[in-house]
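S.K.:
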Amino acid sequence: MTSTTAEPRRRQAPAPGVVLVLAIVALAFLGLPLIGLLLAAPWGQMTELLTTPAALEALRLSLVTSILAAALAVVLGLPLAWLIARREFPGRNIVRGLVLIPLVLPPVVGGVTLLTAFGRRGLVGQYLFDWFGIQLPFSTAGVVLAEAFVAMPFLVITVEGALRSIDPRFEEAARTLGAKPSRVLLRVTAPLIAPSLVAGALLAWARALGEFGATITFAGNFPGVTQTLPLAVYSALEVSREEAIALSVVLLGISFAVLVSLRGRFLGGRG
Amino acid sequence: MRVRADLALLAAALASGLTASCSSTEAPDDTTTVLTVSAAASLTDAFTEIGDAYTSEHPDTRVRFNFAGSSTLAEQISAGAPVDVFAAASPAAMQTAVGAGTVRDPMLFTANSLAIAVPAGNPADVATLADLTRDDVTVIVCATTVPCGAATEDLFRANGLDVAPASLEPDVRAVLTKVVADEADAGVVYRTDVIAAGQDVEGISIPDDANVVNDYPIAVTVDAPAEAQAFVDFVLGDKGQEILGAWGFASP
């Protein structure tokens, strides 16, 4: 992944025709809906549609919750990825499968499963509620939880893959030179997987930003508390198509800008 | 590489999910007409039963339902979704589709009123409408953009209540789901939803003079086949009205 950066650029052979055609079809498939959205956008009224208190509130809430969810995914997902990649333990394959579950689960079902675990009658949630009076549904914390649930697999998969692909001899060398395990982790392993960690965190963040189903099912929908941008888009769709499209354009714009700029910067992408 | 094996597994799981959903909607043969009916979420149980009754009388027709919030359905139909019959939970939602020129001649076919649903055991001791204003009661309602939410807003306004809901749910079934899960102490839903939920919730009825009545219009779309009108007639007829009545709906 990182070993090719020092290689001098060579003249590229042209792409095979079939590859080129299929790639263009793929690009059109992904790009056409976006172009449709941009063409449908009410550019003239954009400013007034997006500066309504409701829109600004949703935007703020989305940014705050998605960043917190990505942070949660990193703090909890990184150790999990390390454990799966680096330690043999019984049931490791089952754990790896469990990590993938939020990816295949319809997000609304994800929201229901979250209710059964963290709702105020849920497995854990009942104690939170009875002992501390904490009710996660209908709270901003609940939004972060729902977003982290669907986003964390992206981080774990990305980082686990990176951990497996780095040459273990680097770490062994550090160990034989007398470095303590924590120091090896911090000074050798971490820098080696840094690009993947950033990529995984970005993917997790982007997934969290677009999260809808688990959020509305687990956390509900109230402006300023749990109504993130995707929920605001959905609510607006029922009244004003223009407003919904305007909000969608903002959502896309933010994600696209951040993903392009950060990927370019951290992963050495060239545009 | 291990990751690749996992991804292959994931792809296989996705693919099997796809084929499963395809086979459940098996292709009808040439003599079968498939009617697509978009109906308000509150009609889920009644219309499913009406669909079965209709198909047993008309074996050459299959009825597919698309249940969601009325305004979502109206938006889909206005955007050209291939729907034959539209049954909305409010004249306003129907008007959206009529205004877009996609349906014609709506008729009122049933009516519904509101009720308070509380989780089994009524944990917050909700007894009257006024209890919904209490600070210790977590109340959820439909978003005002869907008919049940508009009706709820009317209900609160007509009774001079200042309720602070914890969530504005996208449709009435979402309200019910959260009450059944005991996340909310009370939810304002249709009378029929309380009946549909059975043992999972308790219903607190709202006196008629304080309640709000919602009329439900039904219409065929302009491109619908002749069978669509037959389905509408069936809903308006004795059998359809009987099933609606059994699920707690009132006459229009």
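Here the protein sequences line up with chains A and B, keeping their order.
All residue numbers for the first sequence refer to our numbering, where the first residue is 1 and numbers rise by one.
All residue numbers for the second sequence refer to our numbering, where the first residue is 1001 and numbers rise by one.
Using N, Cα and C, we set each Cβ at its ideal position, and we do this for glycine too.
Note that the structure is predicted; figures quoted are calculated from it, not measured.
#1: Taking the alpha-carbon positions, what's the residue 1036 (chain B) to residue 211 (chain A) distance?
#2: I need the DSSP call for residue 1251 (chain B), collapsed to helix, strand or coil.
#3: Excluding the 5 residues flanking residue 42 (chain A) on each side, which residues of the same chain have their C-beta closer than 8 Å to its C-beta?
#4: Can you give me the C-alpha to C-alpha distance between residue 1173 (chain B) and residue 1180 (chain B), rounded to a whole angstrom?
#5: For a cutoff of 8 Å on Cβ pairs, would you count residue 1182 (chain B) as touching chain A?
#6: Does the contact criterion of 3 or more C-beta pairs under 8 Å hold for the stretch 77–97 of chain A versus the stretch 145–163 of chain A?
#7: Can you list, in chain order, the residues of the stretch 1123–1154 of chain B whose Cβ is nearer than 8 Å to any Cβ on chain A?
#8: With a cut-off of 8 Å, do at least 3 Cβ pairs link the stretch 1054–1066 of chain B to the stretch 1184–1193 of chain B?
#9: For residue 1054 (chain B), does the count of other Cβ atoms within 10 angstroms reach 16, so buried, or fall short, so exposed?
#10: So if DSSP puts residue 255 (chain A) in a beta bridge, which residue, or which two residues, is it bridged to?
#11: Taking the straight line between their C-alpha atoms, what separation do you get for residue 1164 (chain B) and residue 188 (chain A)?
#12: Quick one: which chain B residues come within Cβ less than 9 Å of residue 115 (chain A)?
#13: Cα separation between residue 16 (chain A) and residue 26 (chain A)?
#14: If distances are taken between C-alpha atoms only, which option among B:1162, B:1070, B:1115, B:1197 comes closest to residue 1146 (chain B)?
#15: Sorted by chain position, which residues of the same chain lie with C-beta nearer than 7 Å to residue 118 (chain A)'s C-beta, five sequence neighbours on each side aside?
#16: Pull out every residue of the stretch 125–149 of chain A whose Cβ sits closer than 7 Å to any Cβ of chain B, in chain order.
#17: Does the count of Cβ pairs from the stretch 1123–1138 of chain B and the stretch 171–191 of chain A closer than 8 Å reach three?
#18: Are the C-beta of residue 196 (chain A) and some C-beta of chain B separated by less than 8 Å?
#19: Going by C-alpha distance, which of B:1072, B:1052, B:1226 is nearest residue 1064 (chain B)?
#20: Alpha carbon to alpha carbon, how far is residue 215 (chain A) from residue 225 (chain A)? Give it in angstroms, no decimals.
#21: Going by Cα to Cα distance, which pick from B:1100, B:1105, B:1099, B:1166 is closest to residue 987 (chain B)?
#22: Given that residue 1168 (chain B) touches chain A, what residues does it touch there, using C-beta distances under 9 Å?
#23: The beta strand (DSSP E) spanning residue 1104 (chain B) covers which residue range?
#24: Would you mind telling me which residues of chain B sit closer than 9 Å to residue 67 (chain A), beta carbon to beta carbon, in chain order?
#25: Given this structure, state the Cα-to-Cα distance separating residue 1240 (chain B) from residue 1090 (chain B), to the nearest angstrom.
M.R.: Looking at the coordinates:
#1: 29 Å
#2: coil
#3: Residues 49, 242, 245, 246 of the same chain have their beta carbon placed closer than 8 Å to that of residue 42 (chain A), with the five preceding and five following residues left out of the count.
#4: Roughly 10 Å separates the two Cα atoms.
#5: By this cut-off, residue 1182 (chain B) is an interface position.
#6: yes
#7: Residues passing the 8 Å Cβ filter: 1138, 1140, 1143, 1145, 1146.
#8: no
#9: The C-beta of residue 1054 (chain B) has 16 or more other C-beta atoms within 10 Å across all chains shown, which makes the residue buried.
#10: Beta-bridge pairing links residue 255 (chain A) to no other residue.
#11: 54 Å
#12: 1177, 1178, 1181, 1183
#13: 15 Å
#14: B:1070
#15: 124, 125, 136, 145
#16: 137, 138
#17: Not touching, per the Cβ criterion.
#18: no
#19: B:1052
#20: Their Cα atoms are separated by approximately 12 Å.
#21: In the structure as shown, chain B starts at 1001 and stops at 1252, and residue 987 (chain B) therefore has no counterpart that could be examined.
#22: 220, 221, 222, 223, 227, 235
#23: 1103–1119
#24: Within 9 Å Cβ-Cβ: nothing; residue 67 (chain A) doesn't reach chain B, min ~23 Å.
#25: Straight-line spacing of the CA atoms in residue 1240 (chain B) and residue 1090 (chain B) works out to 19 Å.
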